[in-house]
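So the sequences go chain by chain: V and X.
Following our numbering, the residues of the first sequence are numbered contiguously, the last one being 785.
Following our numbering, the residues of the second sequence are numbered contiguously, the last one being 380.
Idealized CB from N, CA, C, for every residue including glycine.
Here is the structure we will look at, set down as structure tokens.
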Amino acid sequence: MDAPIPAVAGFDPDAAGKRAECDGGAPVAGTGMAARQEFTGLLTGQYVDHGDPPWRWYLMTGLSRKPAGYPWDAVWCESGNLFFDDD
Amino acid sequence: MPGDPLHTKLCDMLGIQYPVFAFTPSREVVAAVINAGAFAVLAGTWHEPDELATQIKWIRAQVGGKPFGVDLLFPASAPPAGGIEELMADIPEEHRRFVQGIKERHNIPDAKSAPEHYSLGWINQDRARRQLDVALEERVPVLAVGLGSPNFILEAAHERSIKVFGLVGKPRQAKRELEAGVDAIIAQGSDAAGHTGNIGTFSIVPEVVSIAGDVPVLAAGGVTTGRHLAAALCLGAAGVWTGTLWLASEESDKDPIIKKKLIQADADDTVHSRCVSGFSMRILKSQWTEEWESPEAPEPLSAPYQLLLGAEVHQSVNENRIEPFMFEAAGQGVGFVKESKPVAEIVAGLVDEARAVFDGLTSESPVRTGG
Chain V
699 MDAPIPAVAG FDPDAAGKRA ECDGGAPVAG TGMAARQEFT GLLTGQYVDH GDPPWRWYLM
759 TGLSRKPAGY PWDAVWCESG NLFFDDD
Chain X
10 MPGDPLHTKL CDMLGIQYPV FAFTPSREVV AAVINAGAFA VLAGTWHEPD ELATQIKWIR
70 AQVGGKPFGV DLLFPASAPP AGGIEELMAD IPEEHRRFVQ GIKERHNIPD AKSAPEHYSL
130 GWINQDRARR QLDVALEERV PVLAVGLGSP NFILEAAHER SIKVFGLVGK PRQAKRELEA
190 GVDAIIAQGS DAAGHTGNIG TFSIVPEVVS IAGDVPVLAA GGVTTGRHLA AALCLGAAGV
250 WTGTLWLASE ESDKDPIIKK KLIQADADDT VHSRCVSGFS MRILKSQWTE EWESPEAPEP
310 LSAPYQLLLG AEVHQSVNEN RIEPFMFEAA GQGVGFVKES KPVAEIVAGL VDEARAVFDG
370 LTSESPVRTG G
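Structure (structure tokens):
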């Protein structure tokens with residue numbers, strides 16, 4: 699497998715502490731299809747940018763809504779799928 | 010054809026005869042659909058980046074300069090690079106024992122090779138980004154983006170003359186993508202095989218059309234017949250996005266056992282289950298789904314643990330073609346797939362049936378089509 703694309707971590711103070719909803723999701727194993735997973739929580743402000751142009755992912759914690767059985771209290775959310783109260 | 014209800018702005022945008030999009034993992038189906046006058050999009054997520062480039066080059070050579078598409082599922086929530094080994098260690102012993110019991114009761118042998126997590130659908134941020142770079146480098150005519158938002162890539166894509174289509178399951182996702190400047194929106198209802206939202210096709214499509222302005226909207230979810238195509242156009246869509254319809258076609262590279270199951274299935278033969286990967290989605294019933302519905306079964310794990318838990322069994326089932334355990338995702342329209350036909354015949358059937366519906370709407374005696 700090729701080496702990972704460089705990922706640049708950073709901190710966005712404007713995002714830190716903001717409540718957000720994430721219309722998340724991922725491909726579904728063995729099916730050729732996809733499925734949604736929805737989260738609500740607080741952004742920490744931590745982000746990772748992948749590649750150029752940068753594809754930004756924010757870390758969300760304090761999850762007040764998450765899929766059934768989701769074991770963690772944090773999720774990385776793609777920035778274009780984050781929705782805020784004032785959206 | 011002047012006044013042809015099937016000639017929409019999507020036909021003009023892409024130079025196609027019919028506003029029918031096939032979403033398919035089979036490059037042979039892609040080529041056949043395009044050469045039949047419709048449009049096709051290769052499901053690219055399940056390919057390693059190098060292999061994806063090979064598939065794109067193959068399709069390009071088959072379609073004689075006609076445009077085609079690649080669909081990448083941008084994960085909207087996914088882990089960073091790496092991680093499979095750490096996750097495997099967290100799988101509960103109860104679940105390991107349950108799956109081992111299934112293997113023993115049904116004589117499922119160990120897989121001949123290590124589970125191919127990537128081909129099964131495992132993805133992380135890095136892998137998704139490398140697939141996207143392949144699509145950009147190859148300058149695919151249309152990049153369709155499922156789940157995640159294509160907003161960050163629009164400028165780079167348009168610089169390369171790549172049209173970007175975004176697949177949405179909620180109006181707010183459509184609004185976000187329209188504001189960013191996508192070239193078309195695919196509004197997918199909950200009738201679809203994949204789970205992209207809770208809104209049905211008949212509701213999501215007109216709602217997205219109402220905010221899309223001149224941007225074409227494709228209707229997705231349960232679209233399997235010419236009547237569905239006609240209905241989608243009446244809802245304001247400029248075309249339809251279809252998936253299940255092509256799985257059992259002659260050109261499809263699906264296992265003949267899967268094709269037979271699809272042809273025999275009615276909508277009642279699908280089940281919404283988390284037992285494959287932890288995501289809730291619609292799949293054909295199988296021995297695997299029945300095992301997980303039994304009273305002894307533990308609650309399926311969440312994604313990605315359920316995938317990792319079952320990957321070795323799924324791999325063995327496919328290697329050994331163990332029919333009762335073989336499954337496929339299928340939309341609610343699967344009941345309309347009744348035989349394996351050549352792709353060109355499927356396209357012609359859709360178009361003819363839709364035209365008959367429109368002719369019936371404008372005649373005194375509406376034409377009754379289909380079964």
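Distance CB(residue i)-CB(residue j) smaller than 9 Å
i, j, result
"Lys18/X", "Asp223/X", "yes"
"Pro647/V", "Gly739/V", "With chain V running from 699 to 785 in the structure shown, residue 647/V is simply not present."
"Glu389/X", "Val352/X", "No answer is possible for residue 389/X: it lies beyond the span of chain X, which begins at 10 and ends at 380."
"Phe77/X", "Pro150/X", "yes"
"Ala733/V", "Ser289/X", "yes"
"Leu81/X", "Val154/X", "yes"
"Val285/X", "Gln315/X", "yes"
"Ala718/V", "Leu780/V", "yes"
"Leu96/X", "Pro313/X", "yes"
"Leu317/X", "Ile100/X", "yes"
"Cys720/V", "Phe737/V", "yes"
"Ser325/X", "Ile117/X", "yes"
Inter-residue Cα distance where the pair is residue i and residue j
i, j, result
"Gly46/X", "Trp250/X", "15 Å"
"Glu362/X", "Lys347/X", "16 Å"
"Gly190/X", "Leu163/X", "7 Å"
"Lys268/X", "Ala257/X", "5 Å"
"Gly287/X", "Glu308/X", "10 Å"
"Lys270/X", "Arg136/X", "32 Å"
"Ala229/X", "Lys764/V", "26 Å"
"Pro28/X", "His104/X", "46 Å"
"Gly152/X", "Phe48/X", "Before going further, note that residue 152/X is Leu rather than Gly in the sequence given. Taking the straight line joining both Cα atoms gives about 13 Å."
"Gly380/X", "Gln341/X", "Unreliable placement is indicated for Gly380/X, whose pLDDT of 45 sits below 50; the coordinate value is still reported in the next sentence. Distance between the alpha carbons of Gly380/X and Gln341/X is about 16 Å."
"His323/X", "Met335/X", "8 Å"
"Ser212/X", "Ala120/X", "44 Å"
"Glu354/X", "Thr234/X", "12 Å"
"Ser372/X", "Ala365/X", "10 Å"
"Ala98/X", "Ala766/V", "20 Å"
"Phe30/X", "Arg169/X", "22 Å"
"Ala714/V", "Pro58/X", "34 Å"
"Pro333/X", "Thr253/X", "20 Å"
"Leu145/X", "Lys172/X", "11 Å"
"Ala241/X", "Val706/V", "43 Å"
"Pro704/V", "Gly749/V", "6 Å"
"Val72/X", "Asp142/X", "23 Å"
"Gln296/X", "Pro751/V", "45 Å"
Neighbourhood of residue i by C-beta, 7 Å cutoff - its chain only, sequence neighbours within 5 removed
i, result
"Ala306/X", "Phe107, Glu300"
"Gln64/X", "Arg36, Leu51, His56"
"Gly209/X", "Gly198, Ser199, Asp200"
"Asn207/X", "Ser199"
Close-in-space but distant-in-sequence residues of the same chain around residue i (CB under 6 Å, 5 per side omitted)
i, result
"Pro225/X", "Lys18, Leu19, Ala193, Ala247"
Residue range of the beta strand (DSSP E) that includes residue i
i, result
"Arg763/V", "753-763"
"Arg169/X", "Here Arg169/X belongs to no beta strand (DSSP E), and DSSP marks it neither H nor E."
"Val773/V", "772-776"
"Thr33/X", "29-33"
"Met290/X", "290-293"
"Gln109/X", "Gln109/X -> not in any beta strand (DSSP E); alpha helix (DSSP H) instead, spanning 102-114."
"His237/X", "Segment 235-243 is the alpha helix (DSSP H) holding His237/X; no beta strand (DSSP E) there."
"Gln197/X", "193-197"
"Thr279/X", "279-282"
"Ala707/V", "705-709"
"Gly155/X", "151-156"
Unbroken alpha helix (DSSP H) run spanning residue i, endpoints
i, result
"Thr298/X", "296-302"
"Gln315/X", "314-329"
"Ser219/X", "210-221"
"Phe161/X", "Segment: none, Phe161/X is in no alpha helix (DSSP H) and carries neither H nor E."
"Ala189/X", "180-189"
Cβ shell of residue i (< 8 Å), same chain only, five flanking positions each side left out
i, result
"Glu337/X", "Leu256, Lys263, Ile267, Lys270, Leu271, Ile292, Leu293"
"Arg330/X", "Asp264, Ile266"
"Gly231/X", "Gly198, Asp200, Ala201, Thr210, His237, Gly340, Gln341, Gly342"
Residue(s) in a DSSP beta bridge with residue i
i, result
"Thr738/V", "Arg763/V"
"Gly248/X", "Leu227/X"
"Cys20/X", "According to DSSP, which records beta bridges pairwise, Cys20/X is partnered with nothing at all."
"Ala49/X", "Ala31/X"
"Gln64/X", "In DSSP, Gln64/X forms no bridge with anything."
Distance cut-off 8 Å: residue i Cβ against heavy atoms of the ligand ADP
i, result
"Ala365/X", "For the ligand ADP, the structure offers nothing, since it holds no ligand at all."
Minimum Cβ-Cβ distance from residue i to chain C less than 9 Å
i, result
"Gln744/V", "This model lacks chain C altogether, as its protein chains are V and X."
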